[in-house]
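K.L.:
Position one of the sequence shown corresponds to residue 217 (the working numbering), numbered consecutively onward. Backbone N, C-alpha and C define an ideal beta-carbon position, used for all residues, glycine too. I have a structure I would like to understand better, so I am pasting it below and will then ask my questions one at a time.
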Amino acid sequence: MTEIVTAAMLVIGDEILSGRTKDKNIGHLADMMTAIGIDLKEVRIVPDEEDEIIAAVNAVRARYTYVFTTGGIGPTHDDITADSVAKAFGVPCEYDAKAYALLEASYAARGIEYTEARKRMARMPRGADLIDNPVSVAPGFRIGNVHVMAGVPSIFQAMLDNVVPTLKTGTKMLSATVHCPFGEGLVGGPLGEIQKAHPDTIIGSYPKYGDGKFWTELVVRARSQEALDAARADVEAMVAGFAAKAS
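Listed below in structure tokens is the structure:
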């Protein structure tokens, strides 16, 4: 039996929805999840609105094995992710003693005042575990199956590197690519029949254009080599059949 582990991502921030900031974290998370056998099934972009964050967190944490959030854990008034996640879990949002001490020591070492705004970065839901931040010290946190991390790409990536070893991983998805010199309009019908004949696979069709010609990249995905090979053989036979008719 293969084990399927799933994940969802919540990208939190008005700046993403307005276009002022271009997200760079979705692709990185997708790459990392694929590499370790976790299926990233859904990504939502959520505004800096408490009710929206709470609703999104509760929706996806009940549906998927893991949830990853980015953004909204900084020192300013609109950084409301910690408060919103706490409310989603029905627990207080309060200063975490370890996070508070880490930040206090970091600012003291640099001769920087530990202001009330900076202290906000030590607030998190009661009972949460810290996610280390080797870049700028201010930690993320995990509560239940929800991992809350920074939106700055370099910090998010560093935090994720610390999270990955703690995750349960599933059976990795295998893939094979078949080049098809014909357009989707020609192969779409037969390809659908092949998909029906191989329900344990996922067959994707990706149209391409180059040198004045349309062609298609066909990608077969499966969790077992046997299923992958069987579906790929049928796809290759289909392409060969169209090639023979065209010659």
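For I232, which residues from the same chain have a beta carbon less than 7 angstroms from its beta carbon, with the 5 sequence-adjacent residues on both sides left out?
P.N.:
D239 and I261
K.L.:
Could you give the residue range of the alpha helix (DSSP H) that holds R334?
P.N.:
Looking at the DSSP string, the run of the alpha helix (DSSP H) that includes R334 is E332 to K335.
K.L.:
Buried or exposed: which applies to D321, given that a residue is buried once 16 or more other Cβ atoms fall within 10 Å of its Cβ?
P.N.:
First, the residue type needs correcting, since residue 321 is Ala and not Asp in the sequence shown. A321 should be labelled exposed.
K.L.:
Going straight from the alpha carbon of F305 to that of T237, what length do you get?
P.N.:
29 angstroms
K.L.:
Between which two residues does the alpha helix (DSSP H) carrying V403 extend?
P.N.:
E400 to A413
K.L.:
What separation, rounded to the nearest whole angstrom, lies between the Cα atoms of A313 and A344?
P.N.:
11 angstroms
K.L.:
With H, G and I counted as helix, E and B as strand and the rest as coil, what does DSSP make of G327?
P.N.:
coil
K.L.:
Exposed or buried, what is T297 when buried is set at 16 or more other beta-carbons lying within 10 Å of its beta-carbon?
P.N.:
buried
K.L.:
Spell out a yes or no on whether the segment 431 to 451 and the segment 407 to 423 are touching, meaning 3 or more CB-CB pairs, one atom from each, closer than 8 angstroms.
P.N.:
yes
K.L.:
Given a cut-off of 8 angstroms, decide if A223 and L256 are closer than it, judged by their beta-carbon atoms.
P.N.:
yes
K.L.:
Are E266 and D299 closer than 8 angstroms when you measure CB to CB?
P.N.:
Cβ distance < 8 angstroms, so E266 and D299 count as in contact.
K.L.:
Quick check on the burial criterion: 16 or more other C-beta atoms within 10 angstroms. Buried or exposed for P369?
P.N.:
Classification for P369: exposed.
K.L.:
Please tell me whether R358 and I371 are closer than 8 angstroms, where the distance is taken between their beta carbons.
P.N.:
no
K.L.:
Could you pull the DSSP bridge partners for R277 from this structure?
P.N.:
According to DSSP, R277 bridges with nothing at all.
K.L.:
So the candidates are T281, K429, G420 and E258; which of them puts its Cα closest to the Cα of V436?
P.N.:
Across the set T281, K429, G420 and E258, the C-alpha of G420 shows the shortest separation from the C-alpha of V436.
K.L.:
Hey, how far is the Cα of G457 from the Cα of E258?
P.N.:
37 angstroms
K.L.:
Any idea if K303 is buried or exposed, counting beta-carbon neighbours within 10 angstroms, 16 or more meaning buried?
P.N.:
So K303 counts as buried.
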